[in-house]
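So the sequence shown is numbered by my numbering: it starts at 4 and just counts up by one. Here is the structure we will look at, set down as structure tokens.
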Amino acid sequence: MKKLFLMRIIVFGILWFVTGCQGIFSPAPDEQEIRLRNAIRIHPVHELGYVRLAQYLKTQGRYSKTFSVLRTGQQHIPDSIALIRMEGGLFQGLGYYRESQEYYTEQITKHPDEPLLFLDRAQLYLRLEKQQLALNDARKALSLKPDLFEALYLIGVILDRRTASNVPDQSEQALDALIAASEINGRNPDLWLRISTLWERRGETHQARLAMLRAVELSPESKLYLRRYADLQEKELDLTSQKYS
Numbered sequence: 004m005k006k007l008f009l010m011r012i013i014v015f016g017i018l019w020f021v022t023g024c025q026g027i028f029s030p031a032p033d034e035q036e037i038r039l040r041n042a043i044r045i046h047p048v049h050e051l052g053y054v055r056l057a058q059y060l061k062t063q064g065r066y067s068k069t070f071s072v073l074r075t076g077q078q079h080i081p082d083s084i085a086l087i088r089m090e091g092g093l094f095q096g097l098g099y100y101r102e103s104q105e106y107y108t109e110q111i112t113k114h115p116d117e118p119l120l121f122l123d124r125a126q127l128y129l130r131l132e133k134q135q136l137a138l139n140d141a142r143k144a145l146s147l148k149p150d151l152f153e154a155l156y157l158i159g160v161i162l163d164r165r166t167a168s169n170v171p172d173q174s175e176q177a178l179d180a181l182i183a184a185s186e187i188n189g190r191n192p193d194l195w196l197r198i199s200t201l202w203e204r205r206g207e208t209h210q211a212r213l214a215m216l217r218a219v220e221l222s223p224e225s226k227l228y229l230r231r232y233a234d235l236q237e238k239e240l241d242l243t244s245q246k247y248s
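Dropping the structure here:
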């Protein structure tokens, strides 16, 4: 805890220094910022007010102010998972991966039954190429919320990557996870692309084409999806003609 606190001071100090190099004084609040801050003053325990102000400041590149708003919000709403996730995500977005990891670990200790915190840390671990740790956290998130689409999707992605990294073939488990994810939310074309790729890897060209058709239906403007669907269709026709020749 003490170590993380010191790291936060260092991070915020760097951010304040960078901001200070852009000018001696902070820019005067514009109408939008004033309106958002007034909303917080009126409703200091309204989570959405802090979220909106933090998002606005982030788009302006005012990261130290963004951190400040998120910390203030958590003081008023200690159990706000949305604000906690935003702070962790801001650490990640700025490239402070070690601080982000320690922050998530601290928050998970406080909120051990919150699946989205495990999910966020899993995504961080995957970014850092720590696949086993990412898989452990994604599975923990799924155990806490069995219908969590993002956890199933992430598990499928991790298992697929592990298979491609000379780990014993886990493509069947990856496929099972992605198909389960599609049963919760079948509106993600990239999900169907991944399912198609896994079916093809297993030699199931027909299933691969059907999955790719779903991706094309969801995103008909994608040249990548159309080209892959056409390739699979041609491959399936060739296999059929060979079978009956």
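Positions of the beta carbon are idealized from the N, C-alpha and C atoms, including for glycine. This structure is a prediction, so every number in the text was calculated from the model and none was measured.
Three-way DSSP call (helix, strand, coil) for residue i in this model
i	result
Ala57	helix
Val160	helix
Pro32	coil
Asn188	coil
His79	helix
Gln134	helix
Leu194	helix
Asp150	coil
Arg88	helix
Asp172	coil
His114	coil
Tyr128	helix
Ser244	helix
Leu221	helix
His209	helix
Leu97	coil
Buried or exposed (CB count within 10 angstroms, at least 16 for buried), residue i
i	result
Ser199	buried
Leu242	exposed
Arg38	exposed
Tyr128	buried
Gly91	buried
Thr112	exposed
Glu224	exposed
Leu51	exposed
Ile45	exposed
Thr108	exposed
Tyr232	buried
Gly64	exposed
Gly98	exposed
Tyr247	exposed
Gln245	exposed
Contacting residues, own chain, Cβ-Cβ under 7 Å from residue i (five flanking each side not counted)
i	result
Glu36	Tyr59
Ile161	Leu129, Gln134, Ala137, Leu138, Ala141
Pro115	none
Thr3	With the chain covering 4 to 248 only, the question about residue 3 has no answer from this structure.
Asp150	Ile187
Ser83	Glu50, Gly76, Gln77
Gln236	Arg212
Reference residue i, options the options, closest by Cα
i	options	result
Ser146	Leu131, Arg130, Leu120	Leu120
Tyr256	Ile45, Phe152, Asn191, Glu102	Residue 256 lies beyond the range of the chain shown here (4 to 248); nothing can be said about it.
Gly76	Glu105, Ser67, Gly64, Val54	Val54
Ser71	Arg205, Glu186, Leu56	Leu56
Leu240	Lys226, Gln63, Arg212	Arg212
Arg230	Arg165, Trp202, Met215	Met215
Ser222	Glu203, Pro30, Glu153, Leu196	Leu196
Ala177	Ala144, Asp163, Pro30, Ala154	Asp163
Pro47	Ala31, Pro81, Glu34	Pro81
Asp172	Arg204, Pro30, Ala144	Arg204
Ala154	Asp179, Glu220, Glu175	Asp179
Cβ shell of residue i (< 8 Å), same chain only, five flanking positions each side left out
i	result
Arg88	Leu119, Leu120, Asp123
Ile27	Reliability fails at Ile27, whose pLDDT of 43 lies under 50, so the model's placement of it is uncertain and no value is given.
Ile182	Ile198
Same chain, Cβ closer than 6 Å to residue i, neighbours up to 5 away in sequence not counted
i	result
Ser103	Gly91, Phe94, Gln95, Leu127
Leu73	Ala57, Leu86, Met89, Glu90
Cβ-heavy atom distance, residue i to the ligand HEM, below 6 Å
i	result
Leu138	The ligand HEM is not part of this structure, which contains no ligands at all.
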